[in-house]
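K.L.:
Taking the working numbering as reference, the numbering of the sequence shown is continuous, increasing by one, and the terminal residue is 115.
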Amino acid sequence: MKFAVALRALANERRLQILDWLRDPRKHFREQADGDLVEDGVCGLLIAEKLGVSAPTLSEHMRVLTAAKLVRAKRIKQWTMYKRDETAIAAIKREIRDGL
Numbered sequence: 016m017k018f019a020v021a022l023r024a025l026a027n028e029r030r031l032q033i034l035d036w037l038r039d040p041r042k043h044f045r046e047q048a049d050g051d052l053v054e055d056g057v058c059g060l061l062i063a064e065k066l067g068v069s070a071p072t073l074s075e076h077m078r079v080l081t082a083a084k085l086v087r088a089k090r091i092k093q094w095t096m097y098k099r100d101e102t103a104i105a106a107i108k109r110e111i112r113d114g115l
């Protein structure tokens, strides 16, 4: 079941773009006031701006990615920071490579 949830999350170009950006956040995002881009994750507001979507639209994309365990969310003050879960992503890649 977990694998199917991850595949559904990955079946969207915008979510794939977000995961790609989060691989190297310093390259893709400006510095943020609170939290470190790499250690804490990227503020959802910065991701929404870069993606060109509203906060509610981004929230839904991030809900899907966190439900699939591909991204972890962390609250700092009033902001939600998002960071890739490299262990989970590697596990999904192995499952795909090994043919289920």
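Yeah, the Cβ is synthetic: ideal placement off N, Cα and C, and Gly gets one too.
Only a predicted model underlies this, so the values are computations on that prediction, with no experimental measurement involved.
Ala19 to Ala63, Cα distance in whole Å?
P.N.:
26 angstroms
K.L.:
For the 8 angstroms Cβ check, are there 3 or more pairs between the stretch 38-56 and the stretch 74-84?
P.N.:
no
K.L.:
Exposed or buried, which one is Ala48 when buried takes at least 16 other CB atoms within 10 Å?
P.N.:
Its Cβ having fewer than 16 others within 10 Å, Ala48 is exposed.
K.L.:
Who are the Cβ neighbours of Val53 in its own chain at under 7 angstroms, not counting the five residues just before and after it?
P.N.:
For Val53, where only same-chain residues beyond five positions count, the Cβ hits under 7 angstroms are Pro40 and Arg41.
K.L.:
My parser needs the alpha helix (DSSP H) runs of 4 or more residues fully inside the stretch 29-74; what are they?
P.N.:
40-43 and 59-66
K.L.:
Under 8 angstroms between the Cβ atoms of Val57 and Leu37?
P.N.:
yes
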